Amino acid sequence: MGFGRNRVVITGGAGFIGSHLCTKFLNDGWDVVAVDTFHTGQKSNIEPLLKNPRFKILTHDIIQPLECEADLILNFACPASPVHYQSDPIWTMKTSVLGTMNMLGLAKRTKARILQASTSEVYGDPHQHPQKETYWGNVNPIGIRSCYDEGKRAAETLCFDYHRTHSVDVRVIRIFNTYGPNMAVDDGRVVSNFIVQALRGEPLTMFGDGKQTRSFCYVDDLVDGIFRFAHTEGATGPLNLGNDDEFTMLELAELVVAKTDSKSQIIFKPLPADDPKQRRPDLTLTKSILKDWSPKVKLADGLEKSIPYFKEASKK
Ligand code: NAD
Ligand code: UDP
Ligand code: UDP
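Numbers 49 to 364, taken from the numbering used here, label the letters of the sequence shown in order.
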């Protein structure tokens, strides 16, 4: 692995992806410090980890400086669902800009490697399809999604400026729509919304005509890619991570209804502003850098793996 020491700080560690990363690194023998405000994260995501003496949770907002030791930092703190990142847009922007600057300052002081969770949102409503890492994107700087999109773009800029100016060892990944267990029932993103609505027999809320596309990645594939990239020498990214099977939201709804054996109908709602029409990662660069990595879990199988979790979680 080439690390010698082994303390990983995972910001957003109580969130959906962060909690899976905590488990992955604990299982690999690392000491894990999760940092979270529990704003969109859940205590239940980390409860099973608390009995492990190598796991620690710090309730802390990364907008404030953080003093601790680290060999690796995974910066995943940031609300990720449009409903949540738009509910306090200024805090979202501060988290991406001030929070990432603090984590880069921590990486600079401790000489830790830092992996930044960026997003396919940096491509905005893309004019290039599928999206390659070389595409600069089509992003509205003043719209309702901008606090997230532009915040994440500024965070990428900071990563590369700390790399060039202070030789900080950065890794930047652009994550495409990922789903799975540990997403909050009220997360608000499409996969969790549709599954929970189908399980409750409620209508599935389709925004727009449902012909917009996304490419959905099961969380285990994503975490495997992150783990490999965190251990890869001599590559900074940015690197796309996700699954390149593309679906319309109507296709997703049909699949969810079939997999949950539900009688739910679809109800159409207005499309939110600046909602991207299409999205699919070009994984050529990722596969060349991560060698034997590729997304393995098909959407139909990933939904089957996720539904039992949502059944349990939506009872609480
Ligand atoms: P999530 O909302 O479940 O997790 C985010 C976590 O960060 C939560 O636990 C939240 O409480 C915490 N947090 C937010 N702001 C914080 C702050 N200022 N200080 C400390 N903790 C804070 O979302 P997720 O899907 O797990 O996303 C994790 C990361 O991955 C985010 O940075 C997100 O932008 C990125 N990402 C996710 C996806 C996806 O499809 N899931 C896609 C692209 C990028
Ligand atoms: N920082 C932090 N933890 C550390 C070191 C720095 O949170 O262990 C914060 C620091 O408070 C500053 C930011 O990271 O706001 C950037 O640090 P850097 O050293 O680059 O900036 P400077 O202090 O020189 O402005
Ligand atoms: N969407 C939908 N119904 C919902 C939630 C989302 O039709 O209940 C749509 C949304 O408008 C978008 C797509 O599904 O076109 C993916 O939305 P999500 O919020 O999951 O992620 P993002 O837009 O950030 O990719």
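Just so it is clear, CB atoms sit at the ideal spot from N, CA and C, and this is done for glycine as well. Here the structure is a predicted model, which is why all the values come from computation and not from measurement.
query: Sorry if obvious, but does the Cβ on Ile-110 come closer than 6 Å to a heavy atom of ligand 1?
result: Locating residue 110 in the sequence shown gives position 62, counting from the first residue. Yes.
- prompt: Hey, which unbroken runs of the beta strand (DSSP E) at 3 residues or more fall wholly within the stretch 244-274?
  reply: 252-255 and 261-263
task: Output the boundary residues of the beta strand (DSSP E) element that contains Gln-134.
output: For the purposes of this step, residue 134 is taken as residue 86 along the sequence shown, with counting starting at 1. Careful: Gln-134 lies outside any beta strand (DSSP E), inside the alpha helix (DSSP H) at 130-135.
message: Can you give me the C-alpha to C-alpha distance between Asp-340 and Asp-272, rounded to a whole angstrom?
response: In the sequence shown, the residue the question calls residue 340 occupies position 292. In the sequence shown, the residue the question calls residue 272 occupies position 224. For Asp-340 and Asp-272, the distance between alpha carbons rounds to 11 Å.
query: Among residues of its own chain, excluding the 5 on either side of Lys-200, which ones have a beta-carbon nearer than 7 Å to its beta-carbon?
result: Counting from one through the sequence shown, the residue named residue 200 turns up at place 152. Once the five neighbours on either side are set aside, the close Cβ partners of Lys-200 are Ser-144, Ser-166, Thr-167, Glu-169 and Val-170.
- prompt: By DSSP, does Ala-11 sit in helix, in strand, or in coil?
  reply: In the structure as shown, the chain begins at 49 and stops at 364. Residue 11 is therefore absent and cannot be evaluated.
- prompt: Over what stretch of residues does the alpha helix (DSSP H) that includes Glu-352 continue unbroken?
  reply: To locate residue 352, count along the sequence shown from 1; it is residue 304. Taken as a continuous stretch (DSSP letters only), the alpha helix (DSSP H) holding Glu-352 covers 347-361.
Which listed residue (Val-56, Ser-336 and Val-83) has its alpha carbon closest to that of Ala-62: By 1-based counting over the sequence shown, the position of residue 62 is 14. Among Val-56, Ser-336 and Val-83, the Cα nearest to that of Ala-62 is on Val-83.
message: Short of 7 Å in beta carbon distance, which residues of its chain neighbour Pro-178, apart from the five on each side in sequence? Order them along the chain.
response: What you label residue 178 is simply residue 130 of the sequence shown in a count that begins at 1. Taken in chain order, the residues that qualify are Asp-292, Arg-328, Pro-329 and Asp-330.
- prompt: Got a sec, what are the start and stop residues for the beta strand (DSSP E) Asn-288 sits in?
  reply: Position 240 of the sequence shown, counting from 1, holds the residue named residue 288. Looking at the DSSP string, the run of the beta strand (DSSP E) that includes Asn-288 is 287-289.
query: Is it buried or exposed for Ile-160, if we count other Cβ within 10 angstroms and need 16 for buried?
result: Locating residue 160 in the sequence shown gives position 112, counting from the first residue. Before going on, a small fix: residue 160 reads as Ala here, not Ile. Ala-160 should be labelled buried.
task: Give the DSSP-derived three-state secondary structure of Lys-317 in the structure shown.
output: Residue mapping note: residue 317 aligns to position 269 of the sequence shown, counting from 1. DSSP places Lys-317 in strand when its eight states are reduced to three.
Simplified DSSP assignment, three categories, for Asn-75: Residue numbering aside, residue 75 sits at position 27 when the sequence shown is read from its first letter. If DSSP states are grouped into helix, strand and coil, Asn-75 belongs with the helices.
- prompt: ligand 2: which residues have Cβ under 6 Å from any of its heavy atoms, chain order?
  reply: Near ligand 2, residues with a Cβ at less than 6 Å from any of the ligand's heavy atoms are Pro-113, Leu-114, Glu-115, Met-149, Asn-150, Gly-153, Leu-154, Lys-156 and Arg-157; the list follows chain order.
message: Rounded to the nearest angstrom, what separates Leu-298 and Gln-260 at their Cα positions?
response: Within the sequence shown, the letter at position 250 stands for residue 298. Within the sequence shown, the letter at position 212 stands for residue 260. Cα-Cα distance, rounded: 9 Å.
query: For Leu-163, which option in Gly-290, Asp-309 and Pro-286 has the closest C-alpha, if you only look at C-alpha atoms?
result: Along the sequence shown, one-based indexing puts residue 163 at 115. Ranking the options by Cα distance to Leu-163, first place goes to Pro-286.
message: Taking only three categories from DSSP, how would you classify Val-57?
response: Counting from one through the sequence shown, the residue named residue 57 turns up at place 9. It is a strand residue.
- request: Take Ile-381 and list the residues in its own chain whose beta-carbon comes closer than 8 Å to its own, dropping the five residues that flank it on each side.
  value: Because residue 381 is not part of the residues shown, which for the chain are 49 to 364, the question remains open.
Reference Lys-344, options Leu-303, Gly-290, Ala-301 and Lys-307, closest by Cα: As a first step, residue 344 must be located in the sequence shown, where it is residue number 296. Checked all of Leu-303, Gly-290, Ala-301 and Lys-307; the closest Cα to Lys-344 is Gly-290.
Straight-line Cα distance separating Ile-94 from Ile-355: Residue numbering aside, residue 355 sits at position 307 when the sequence shown is read from its first letter. Residue numbering aside, residue 94 sits at position 46 when the sequence shown is read from its first letter. When rounded, the distance between both Cα atoms is 20 Å.
- request: Please go through the stretch 187-242 and give each complete beta strand (DSSP E) segment of 3 or more residues, from N-terminal end onward.
  value: 218-223
query: What are the boundary residues of the beta strand (DSSP E) that includes Lys-159?
result: Taking the first residue of the sequence shown as 1, we reach residue 159 at position 111. It is not in any beta strand (DSSP E) - Lys-159 carries neither H nor E in the DSSP assignment.
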